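Residue numbers (the working numbering): 308 to 421.
For glycine and all other residues, C-beta sits at the position ideal for the given N, C-alpha and C.
In this text the structure is predicted, and so the values were computed from the model without any measurement.
Report on one structure; see the data block that follows.
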């Protein structure tokens, strides 16, 4: 006979940091435009209790070029969202996702013009 594990209820379940639908739509819209411009080719999403990360890659075998992180515990301090470079430097941090994605939007505008 098989063993049935109980489904965690209420207090037993740890909350997982996630992107909501609006945030994910905004991120995937930017990702699609960067793919169309030929700049990005792959992405990954990592969800954990502390942080939700969207990582964009130039090629699938490299480190991510940028990471968009959401840390809910920082929402009252310096902002829940952060844009992190390939080397781990925080490029932009803030409360609004649109403001954090602004440097990538500007880069996209330059890519289209070239």
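Boundaries cannot be given for residue 383, as no beta strand (DSSP E) includes it and DSSP labels it neither H nor E.
Residue 335 holds the alpha-carbon nearest to the alpha-carbon of residue 404 among 309, 310, 312, 335. Taking 4 residues as the shortest admissible run, the segment 324-389 contains the following complete alpha helix (DSSP H) segments, listed from N- to C-terminal end: 328-343.
Per the coordinates, the alpha-carbon of residue 351 lies some 34 Å from the alpha-carbon of residue 309. When the alpha-carbon of residue 374 is set against those of 402, 364, 330, the nearest one is in 364. Counting only the Cα atoms, residue 345 lies some 24 Å from residue 389.
The three-state reading of DSSP puts residue 407 in helix, counting H, G and I together. Taking residue 378 as reference, the option from 312, 407, 325 with the minimal CA-CA separation is 325. Residues 334, 352, 375 of the same chain have their beta carbon placed closer than 6 Å to that of residue 361, with the five preceding and five following residues left out of the count.
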